[in-house]
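J.: Take this structure first; my questions come after.
Chains as they are written, first to last, in the numbering used here: chain P, 326 to 456; chain E, 554 to 692.
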């Protein structure tokens with residue numbers, strides 16, 4: 326599975342298909358799509374710029390998922406409740422970070438939705454590992 | 554996961570190209586301002602509550618700042634930056650995909666102020682001559 330780099334940022338990447346999936350989430354709520362995308366852009370700008378990413382991921386817009394793999398979520402608490410799952414790896418050699426967005430979903434049935442998203446994220450990570 | 558190999562071959566994309574340019578800039582700046590404030594708090598090794606007390610604001614306000622959605626006025630960000638001992642600056646460069654030049658002066662002839670609202674424009678000066686008002690805009 327290929328990775329794409331965001332041209333506006335130093336450390337933000339996406340797996341192939343991430344944005345198609347994200348847009349599909351909003352097909353019944355097209356009016357909200359751009360608004361949420363802007364919020365996401367602000368979050369990514371923040372993550373790209375912060376120095377201490379471990380501490381930054383403790384802030385309210387982010388949460389660590391209950392998974393063996395270290396997965397995180399960007400959460401917009403709202404009517405649609407979109408969640409964006411990502412991984413964050415620190416590169417010790419140059420003290421930099423790599424953030425890869427994997428998948429997204431709307432949180433409606435918390436346990437079930439998170440479980441499915443984690444399962445999907447793990448599958449994506451396996452595909453990346455096989456490259 | 555061999556991250557270095559993965560990112561080395563990553564194709565560059567702009568997934569936010571469908572957001573209007575001004576809104577895109579706004580979102581990026583909000584995120585950066587939030588990060589600047591957060592970085593300073595980390596440097597001072599303070600919790601949000603301690604940081605809020607240090608600045609004379611509420612913890613909930615600090616939380617809003619760091620969430621990246623707070624709409625700072627120039628006055629407010631200048632005040633916060635000063636209290637934190639941070640110097641802010643702005644640089645401007647032409648956007649690659651600008652439809653028109655980044656700065657252009659337009660001379661508009663208006664017969665009455667109410668007909669041409671200047672609320673959404675930056676106007677440099679207005680002057681009157683006879684029964685006409687002339688306003689120079691820049692955008």
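Glycine residues also receive a C-beta, built at the ideal position from the N, C-alpha and C atoms.
Would you tell me roughly how many angstroms separate the C-alpha atoms of residue 558 (chain E) and residue 388 (chain P), rounded to the nearest one?
T.: Looking at the two C-alpha atoms, the distance is approximately 27 Å.
J.: Anything in the stretch 591-624 of chain E with a Cβ closer than 7 Å to a Cβ of chain P? List those residues in chain order, please.
T.: If the cut-off is 7 Å between Cβ atoms, the stretch 591-624 of chain E has 591, 592, 595, 616, 619, 620, 621, 622 near chain P.
J.: Counting only beta-carbon atoms, is residue 410 (chain P) nearer than 9 Å to chain E?
T.: No, residue 410 (chain P) does not count as interfacial toward chain E.
J.: When DSSP labels each residue in this structure, what does residue 334 (chain P) get in the three-state scheme?
T.: Three-state DSSP puts residue 334 (chain P) in coil, outside helix and strand.
J.: Mind checking if residue 585 (chain E) is an interface residue toward chain P, Cβ cutoff 9 Å exclusive?
T.: Output row for residue 585 (chain E): interface = yes.
J.: Out of P:428, P:433, P:383, P:334, which one is the CA nearest neighbour of residue 344 (chain P)?
T.: The shortest C-alpha separation from residue 344 (chain P) is found at P:428.
J.: On the premise that residue 424 (chain P) lies in contact with residue 338 (chain P), defined as a C-beta separation below 8 Å, what is that separation, rounded to the nearest angstrom?
T.: With 8 Å as the limit, residue 338 (chain P) and residue 424 (chain P) qualify as a contact, their Cβ atoms being about 7 Å apart.
J.: From this set, P:365, P:367, P:407, P:382, which residue's C-alpha is nearest residue 396 (chain P)'s C-alpha?
T.: For residue 396 (chain P), the nearest C-alpha among the options comes from P:382.
J.: What would DSSP say about residue 307 (chain P), mapped onto helix, strand or coil?
T.: The structure shown does not extend to residue 307 (chain P), since chain P spans only 326 to 456, so no value can be given for it.
J.: Would residue 584 (chain E) pass as a contact of residue 411 (chain P) if the rule is Cβ separation under 9 Å?
T.: Cβ atoms of residue 584 (chain E) and residue 411 (chain P): not closer than 9 Å.
J.: Between residue 648 (chain E) and chain P, is any beta-carbon pair separated by less than 9 Å?
T.: So no, residue 648 (chain E) is outside the interface.
J.: For the stretch 377-402 of chain P, enumerate the residues whose C-beta is nearer than 9 Å to any C-beta of chain E, in chain order.
T.: Listed by position along the chain: 377, 380, 381, 384, 385, 386.
J.: What are the residues of the stretch 414-425 of chain P that lie near chain E, defined by any Cβ-Cβ distance shorter than 7 Å?
T.: From the stretch 414-425 of chain P, only 414, 416, 423 have a Cβ closer than 7 Å to chain E.
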